[in-house]
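Numbering (the numbering used here), first residue to last: 20 to 265.
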């Protein structure tokens with residue numbers, strides 16, 4: 020049988036990179052979509068290849084329709100028909116209250132987290148429906164239900180929209196043989212916190228987590244891998260929380 024071909028957006032670092040490595044070990048060939056960091060993307064690709072998988076990297080702005088089309092076209096041309104999509108690309112902007120958040124930041128968060136997920140899912144749905152099979156996994160957030168007041172309610176709102184998309188699209192695409200699920204990570208120890216301006220956030224918030232610690236990217240990647248696997252063949256429309264009990 021041919022190997023599954025999975026597109027992972029935001030695949031160069033953090034949860035995305037861990038997901039690429041886990042899927043490579045599970046027998047997937049990977050397309051690593053990334054926004055800016057060429058070196059990080061190549062490090063991830065090298066690790067994927069060392070695990071025995073084929074891998075291509077594509078620099079992409081998922082909020083740009085032409086970029087998304089190029090991402091999937093490159094995947095098909097280089098590796099074959101796309102069988103899986105992990106919508107992981109996301110941004111938060113700086114931490115802070117909504118009243119103090121710049122409009123440009125709000126717009127970018129909505130464009131990447133929601134519009135980007137919609138555009139990638141639309142292209143994947145079109146391609147997968149032709150084959151009568153496929154799996155989409157959206158990376159949401161526990162913030163979708165917690166709201167994240169004082170930190171990033173705008174980010175939380177986009178992730179709540181991703182949860183709604185997951186449920187609705189699963190029902191729409193089920194008859195086409197396509198499953199759609201989401202993983203909702205909680206506090207995960209990644210570079211994202213430094214990018215938000217608070218690198219010590221995981222350690223500071225750990226006491227608020229029932230399990231007493233932040234998660235690590237590999238733990239989220241394991242949940243994504245399960246949802247992409249045949250073991251979850253009857254799961255669709257699910258939002259799997261990986262948040263340490265929070």
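Yeah, the Cβ is synthetic: ideal placement off N, Cα and C, and Gly gets one too.
When only Cα atoms are considered, residue 40 and residue 66 end up about 7 Å apart.
Two segments are said to touch when three or more pairs of C-beta atoms, one from each, lie closer than 8 Å; by this definition the segment 167-176 touches the segment 110-120. Secondary structure note for residue 123: its alpha helix (DSSP H) is the uninterrupted segment 122-129. Between the alpha carbons of residue 43 and residue 127 lies a distance of about 31 Å. Apart from sequence neighbours up to five positions away, the residues of its chain that approach residue 144 with a beta-carbon distance below 7 Å are 192, 197, ordered along the chain. Taking 8 Å as the cut-off, the beta carbon of residue 265 is found no closer than this to the beta carbon of residue 187. Taking each of 141, 155, 72 in turn and checking the Cα distance to residue 107, the smallest one comes out for 155.
Only exposed fits residue 166, as fewer than 16 other CB atoms lie within 10 angstroms of its CB. Contact annotation: residue 51 and residue 37 have beta-carbon atoms that are not nearer than 8 Å.
Spanning the alpha carbons of residue 240 and residue 147 requires a straight line of approximately 22 Å.
Secondary structure at residue 100: coil, using DSSP grouped into helix, strand and coil.
In this structure, DSSP gives residue 106 an extended state, which the three-state scheme calls strand.
By the neighbour-count criterion, in which a residue is buried when 16 or more other Cβ atoms sit within 10 angstroms of its Cβ, residue 48 is buried.
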